[in-house]
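Numbering (my numbering), first residue to last: 235 to 450.
Don't be surprised by glycine CBs; every beta carbon is placed ideally from N, CA and C.
Input: a single structure, listed below in structure tokens.
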Amino acid sequence: MNIPVLEASQLVDERIAKPVENTTDIWQGRFFSLHEDQVRLTEGSEPVSREYVKHPGAVAVVPLRVVDGREQVLMIKQYRHPVRVSLWEYPAGLLDVAGEDYLQAAQRELAEETDLHANQWDVLVDYFATPGGHTESLRIFLARDLEEIPEAEKTFERDEEEALFEWAWVDLDDAAAAVAAGKLHNPSAVTGTLVTYYSREKGWSTLRPAESRWLR
């Protein structure tokens, strides 16, 4: 095959909407729904069937502080029943509040899950969690200049899995090493850690404004 070599400026995902001949709504849950599309991939070809889950989107936040010249990230240990594993993660959640954008949701999740707010917000990375069968779009923010929320302003009650949270500050170098060693498995933890590590190595020059647009 004659495979081209791309310039860095050419390495960009592109939104293309293939024609959908028919959609069947299979199942509707509280937040997610399952659908089947008959999509025509090329002109003149027969449609193919593609099943996928519709998802409202989500956010994750990497809270970062500097102690004695070392960057540390705040991680949460949370039980995830579908995989039967307690995973080290970052504060995260669905876009399940009407009218919220990604930044507002991230600020809410940080407050609810860590009792912190941040004065500096930047975009680390955007991705589609499972693009072969899921519409979930996820944005990971870097939150810095952290402050604890006063006790009188803490209104969120943690229940169910959130009542079992464990918190820990982790050196960024140690978190990146844990990813490489196969010790961390949550996708936002893996992605957020590696991009934070990379961004630090680039002097934070890769960070984007908190309200940057993307392909979601």
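Quick one: what's Asn236 bridged to in DSSP?
Indexing the sequence shown from 1 puts residue 236 at position 2. Per DSSP, none; premise fails for Asn236.
Residue interval of the alpha helix (DSSP H) (run including Gly426):
Working through the sequence shown from its first residue, we reach residue 426 at position 192. Here the alpha helix (DSSP H) through Gly426 covers Pro421 to Glu435.
Let me know the secondary structure DSSP gives Thr452 once reduced to three states.
What is shown of the chain runs 235 to 450, which leaves residue 452 out entirely.
Where Ser371 falls, given that 16 or more other Cβ within 10 Å makes a residue buried
Mapped onto the sequence shown, residue 371 falls at position 137. It counts as buried.
If you follow the alpha helix (DSSP H) that Asp407 is part of, which residue opens it and which one closes it?
Numbered from its first residue, the sequence shown carries residue 407 at position 173. Per DSSP, Asp407 belongs to the alpha helix (DSSP H) from Leu406 to Ala414.
Between the stretch 294-306 and the stretch 328-348, can you find at least three pairs of beta-carbon atoms closer than 8 Å?
yes
Name the residue from Arg447, Glu305 and Lys311 whose alpha carbon lies nearest to the alpha carbon of Tyr432.
Numbered from 1 along the sequence shown, position 198 holds the residue referred to as residue 432. Its Cα nearest to that of Tyr432, the residue Glu305 stands out among Arg447, Glu305 and Lys311.
Cross-strand partners of Asp360 (DSSP beta bridge):
Here residue 360 refers to the residue found at position 126 of the sequence shown. As a beta-bridge residue in DSSP terms, Asp360 pairs with Arg373.
CB-CB under 6 Å to Glu323, same chain, minus the five flanking residues each way: which ones, in chain order?
Position 89 of the sequence shown holds residue 323. Same-chain partners within the cutoff: Ile310, Gln312, Asn420 and Ala423.
Using 8 Å as the threshold, is the stretch 273-283 in touch with the stretch 370-387, meaning 3 or more CB pairs across them?
no
Run of the alpha helix (DSSP H) containing Leu321, from where it starts to where it stops:
As a working note, residue 321 is residue 87 in the sequence shown. That residue, Leu321, is in no alpha helix (DSSP H); its beta strand (DSSP E) goes Val319 to Glu323.
Proximal residues to Phe399 (C-beta, below 8 Å), its chain only, five neighbours per side dropped
Taking the first residue of the sequence shown as 1, we reach residue 399 at position 165. So the list reads Ile310, Lys311, Gln312, Glu347 and Arg392, once near-sequence residues are dropped.
Three-state secondary structure assigned by DSSP to Glu346:
Sequence index remark: in the sequence shown, residue 346 carries index 112 (1-based). Per DSSP, reduced to three states, the secondary structure at Glu346 is helical.
Who are Pro253's beta bridge partners in DSSP?
The residue you call residue 253 lines up with position 19 of the sequence shown. Answer is none; Pro253 lacks a bridge partner.
Starting from the C-beta of Val287, find all residues in its chain whose C-beta is less than 6 Å away, skip the five residues before and the five after it, and write them out in chain order.
The count along the sequence shown starts at 1 and reaches residue 287 at position 53. For Val287, same chain residues with a beta-carbon under 6 Å away, outside a window of 5 residues either side, are Phe266, Leu268 and His368 in chain order.
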